[in-house]
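Line order of the protein sequences matches chains A and B.
Under full-length UniProt numbering, the first sequence has 43 at position 43, and the numbering climbs by one with no breaks.
Under full-length UniProt numbering, the second sequence has 249 at position 249, and the numbering climbs by one with no breaks.
See below for the structure under consideration.
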Amino acid sequence: MMQIDVDRAVCVGAGQCALTAPDVFDQDDDGLVVLLDPNAAEDPESEGGTAVRDAEALCPSRAIRVTG
Amino acid sequence: MTACPLGHGARVLPADSMPTQPSALFARWRDADALVPLDFRDGHEGLLVTRYDEAKEVLSDRRFSQQPQRMPRSDAQLDDGFPGGPLDDAGALAVASTNILGLDGEEHRRLRKAVTGRFSVRAGRTHRPRIAEIVAEELENLIAAGPVADLLEHFAEPISIRVHALVLGVSDDLVDRYAQCFVHGAPPQDRHDLLREAIEVRRADPGEDVISDLLANDDLSAAEVEGLLHMLSMSGRDTVAFMISTGTVALLDSAEQYRTLVADPDLVPGAVEEIVRFCTMFLTVFPRTATEDVEIADRTIAAGTTVSVSTVSANRDERRFEDPDAFDVRRDARGHVAFGHGPHGCIGQQVARVELDEAFRALVTRLPGLQLVSTGQHEPSPLANPVATYAARPVLVTGWER
Ligand code: HEM
Ligand code: SF4
């Protein structure tokens with residue numbers, strides 16, 4: 001099972017996550033990351049799984065962690 | 001390469017870089033080492049980061065400080081086009097309180113958080129229809145400017161400044177003066193006087209924009225409101241315009257790349273990433289100074305050493321991008337560091353992406369026969385900024401048949 005965690009304390013509001021996986025990540029009124037759907041990437045092989053992994057890699061502040 | 005007069009082997013940024021073709025020296029430096037010696041203007045001998053992985057490491061490591069703000073030495077001439085002049089105390093305080101690229105840690109985070117909300121992906125989406133209208137109007141102005149016209153002056157700059165005004169909330173009647181102040185260059189006092197007027201308009205008539213947010217934020221002083229607005233106006237004034245105009249050069253340099261987008265405009269979002277990678281504007285970003293000994297690339301950067309990251313070089317690192325000197329709109333260029341990286345990564349990047357997307361989409365769908373006549377971007381570039389960014393110069397184009 002793939003788990004997504006976001007760390008709003010280190011997020012710098014660059015928006016790469018919301019650009020890359022818009023169904024999974026959004027940004028609040030301060031521009032900081034909001035996890036819309038913690039289970040969005042259940043299947044790591046699915047398209048959603050790829051996008052979440054991409055978002056993790058593209059995040060400039062390592063605020064996104066995908067485990068499992 | 002310029003020999004160091006002191007014979008220490010310290011080096012300076014070369015003067016023979018062109019915006020679409022960095023100096024060959026960068027490839028040699030990259031080949032030699034991830035970190036090479038670099039001279040700074042105050043005589044400090046620091047380091048230049050030449051490779052991609054190490055660039056990201058340095059830019060995201062909080063043991064590096066934004067202070068002191070020393071600037072790298074370069075053989076290229078400096079030409080920022082902005083006249084100097086006196087500035088009243090309120091203006092000086094505003095600027096001094098909001099030097100976002102000079103701050104670290106919580107101080108930096110507090111100011112940054114005050115503005116990031118208006119530059120989110122969602123904000124970009126909200127602004128997209130209006131941005132498309134602005135782009136369409138400026139495309140007509142480009143065509144009307146003559147059989148051969150400068151795409152920088154008649155397309156890229158007006159789009160960049162009008163969208164900037166839109167997002168920040170500078171009212172329409174002030175946009176011409178705003179352009180005068182922040183595109184063509186005006187003395188500091190004129191810039192601050194104009195921004196104060198723009199602030200008063202929004203105080204009386206708040207909207208969905210940065211100025212209104214700043215005014216509604218009890219946590220900010222009046223100096224910080226004016227300062228943040230000034231800082232944001234200086235930040236985006238030239239980068240988007242540079243990227244639209246220089247990106248057009250890259251696309252037209254190889255007719256095949258432009259035709260690829262004409263045939264399939266859905267490739268434009270990916271092309272935008274490749275354009276900002278290939279035409280990276282910052283030879284080096286703001287220098288970082290180690291606050292303690294830091295291990296990078298199997299060596300120790302001693303506390304007190306200033307390190308400049310070359311995003312131009314990192315984005316041409318063959319360890320990360322295959323055949324990096326090839327411009328290919330079909331490549332997956334995501335992950336480039338053209339917008340920086342880490343806590344100071346570009347605030348405006350998601351809005352910039354929408355602007356670039358709409359601008360290139362308009363060009364390839366409405367002007368399929370566009371051709372490059374000549375451009376200053378094919379010559380070694382002066383620096384538009386002491387941190388070492390390329391300058392934007394005219395891009396003459398023709399071919400309006402639709
Ligand atoms: C294609 C266009 C743009 C490019 C290539 C670009 C590039 C960059 C880069 C490389 C940095 C990091 C500098 C460093 O780490 O030393 C940066 C920071 C910044 N950019 Fe942009 N930028 C663009 C558009 C914009 C726009 C439209 C705005 C809107 C106002 C903007 C506002 C800022 C601000 C405020 C910072 C400082 C962030 C901080 O220190 O936390 N940029 N930009
Ligand atoms: S990509 Fe990272 S830093 Fe940017 S908004 Fe998402 S979580 Fe925050």
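Positions of the beta carbon are idealized from the N, C-alpha and C atoms, including for glycine.
I'd like to know if Pro129(B) contacts chain A, where contact means its C-beta is closer than 7 Å to some C-beta of that chain. no
Would the beta-carbon of Leu59(B) fall within 7 Å of that of His336(B)? no
Contact set for Asp357(B): own chain, Cβ-Cβ below 7 Å, skip 5 residues either direction: Val268, Pro269 and Val272
Could you check whether Ala18(A) and Gln27(A) sit closer than 7 Å to each other, using their CB atoms as the reference points? yes
Hey, could you find the ends of the alpha helix (DSSP H) Pro37(B) is sitting in? Not the alpha helix (DSSP H): Pro37(B) falls in the beta strand (DSSP E), residues Leu35 to Asp39.
So, is the C-beta of Gln350(B) closer than 7 Å to a C-beta in chain A? yes
If contact is defined by three or more beta carbon pairs under 8 Å, each pair taking one atom from either stretch, is the segment 343–362 of chain B in contact with the segment 230–244 of chain B? yes
Own chain, CB closer than 6 Å to Thr260(B), minus 5 neighbours either side, in chain order: Val329
When you compare the segment 303–317 of chain B with the segment 89–104 of chain B, are there three or more beta-carbon pairs, one atom per stretch, that lie closer than 8 Å? no
Please confirm if Val12(A) has its CB atom under 7 Å from at least one CB of chain B. yes
With a cut-off of 7 Å, does the C-beta of Gly236(B) fall near any C-beta of chain A? no
Mind pulling the chain C residues with CB within less than 7 Å of Thr116(B)? The structure shown contains no chain C; the protein chains it does contain are A and B.
Terminal residues of the beta strand (DSSP E) in which Ala149(B) lies: Val148 to Asp150
Starting from the Cα of Thr306(B), find the closest Cα among Pro324(B), Leu252(B), Asp323(B) and Thr284(B) and give me that residue. Thr284(B)
Rounded to a whole number of angstroms, what is the C-alpha to C-alpha distance between Gly7(B) and Leu38(B)? Note on Gly7(B): pLDDT 41, under 50, position unreliable in the model; the coordinate value appears next. Each residue's Cα considered, the two are about 13 Å apart.
Would the segment 21–37 of chain B and the segment 30–39 of chain A be scored as touching if the rule is three or more Cβ pairs under 8 Å? no
Contact criterion: CB-CB distance below 7 Å. Does Thr2(B) meet it with respect to chain A? Annotation note: pLDDT 46 at Thr2(B) (below 50); position unreliable, no value reported.
My output table needs one value for Asn141(B): the three-state DSSP class, helix, strand or coil. helix
Pro343(B): contacting residues in chain A (beta-carbon distance under 9 Å): Val10, Val12, Pro60 and Ser61
Between the CA atoms of Ala40(A) and Asp23(A) - distance to the nearest angstrom: 8 Å
The ligand HEM and His344(B): does the residue's C-beta get closer than 6 Å to at least one heavy atom of that ligand? yes
Residue range of the alpha helix (DSSP H) that includes Ala384(B): No alpha helix (DSSP H) contains Ala384(B), which is instead part of the beta strand (DSSP E) from Leu383 to Asn385.
When the Cα atoms are used, what is the spatial distance from residue 112(A) to Ala333(B)? A question about residue 112(A) goes unanswered here, because the residues of chain A that appear run from 1 up to 68.
Scan the segment 217–235 of chain B for residues whose Cβ lies nearer than 9 Å to a Cβ of chain A and list them as they occur along the chain. none
Using the rule of at least 16 other Cβ atoms within 10 Å of the residue's Cβ for burial, across every protein chain shown, is Ser120(B) buried or exposed? buried
Within 10 angstroms of its Cβ, does Thr67(A) collect 16 or more other Cβ (buried), or is it exposed? exposed
Hey, how far is the Cα of Pro382(B) from the Cα of Arg353(B)? 26 Å
Mapping the DSSP letters down to three states, classify Glu274(B) as helix, strand or coil. helix
Reduced DSSP category for Leu48(B) - H, G, I as helix; E, B as strand; rest coil: strand
Does Ser120(B) have its Cβ less than 7 Å from a Cβ in chain A? yes
Please classify Ala3(B) as buried or exposed, where buried requires at least 16 neighbouring CB atoms within 10 angstroms. Here the model assigns Ala3(B) a pLDDT of 46, short of 50, so the residue's position is not dependable and the matter cannot be decided.
Do the CB positions of Met231(B) and Ile100(B) come within less than 7 Å of each other? yes
According to DSSP, simplified to helix, strand and coil, what is Ala15(B)? coil
Whole angstroms are fine: how far does the CA of Ile64(A) sit from the CA of Asp7(A)? 7 Å
When you compare each of Leu370(B), Thr300(B), Ala55(B) and Val387(B) to Arg30(B) by their alpha carbons, which one comes out closest? Ala55(B)
When you get a sec, list the residues whose CB is within less than 7 Å of any heavy atom of the ligand SF4, chain order please. Val6(A), Cys11(A), Val12(A), Gly13(A), Ala14(A), Gly15(A), Gln16(A), Cys17(A), Ala18(A), Phe25(A), Gln27(A), Gly31(A), Leu32(A), Val33(A), Ala55(A), Leu58(A), Cys59(A), Pro60(A), Ser61(A), Ala63(A) and Ile64(A)
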